[in-house]
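Working notes, structure below.
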Amino acid sequence: MMVRCFLTTTDNPYDPCEQFEQWYQYDADHGYNSSGLLMRLAETSSQFTDNENAYEIERAIDKIVANDPLNIYKKLKIDIKDESTAA
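In my numbering, the protein residues as written are -7 to 79.
Next up, the structure:
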């Protein structure tokens, strides 16, 4: 298992990991554009490992949550099955 972080809003009832399409639609319908905000702040790269990119995403999420004047964003930490170690 590995832990991955996701950005969501306090009012979004959907799981961004398991119910991404519904989560994304709710997010877009309410004008949050959380994915776009995260991608503008996360310094990811195809040159990075998956773990390095995950660290950058978590760093950006922490920054968004810490600087959220409306207190609408939150970080979710979700255990995900690691496909590379699955038997």
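Glycine included, each C-beta is placed from N, C-alpha and C at the ideal position.
What you are looking at is a predicted structure, and each value in this text was computed from that prediction instead of being measured.
Can you tell me the Cα-Cα spacing of residue i and residue j, whole angstroms?
i	j	result
Tyr18	Leu33	21 Å
Ser38	Glu44	10 Å
Ile72	Met(-7)	6 Å
Asp58	Asp42	Note that residue 58 corresponds to Ala in the displayed sequence, not to Asp. One C-alpha to the other measures close to 24 Å.
Thr2	Tyr47	22 Å
Glu10	Thr0	13 Å
What does the Cβ neighbour count give for residue i, buried or exposed, with the cut at 16 atoms within 10 Å?
i	result
Asn4	buried
Phe(-2)	buried
Leu68	exposed
Give me the DSSP bridge partner(s) of residue i.
i	result
Ile72	Met(-6)
Thr41	Its beta-bridge partners do not exist; DSSP assigns none.
Leu(-1)	Lys67
Taking the alpha helix (DSSP H) that residue i falls in, what are its first and last residues?
i	result
Phe12	12 to 21
Asp7	Asp7 -> no alpha helix (DSSP H), and no H or E assigned at all.
Ile64	That residue, Ile64, is in no alpha helix (DSSP H); it is neither H nor E in DSSP.
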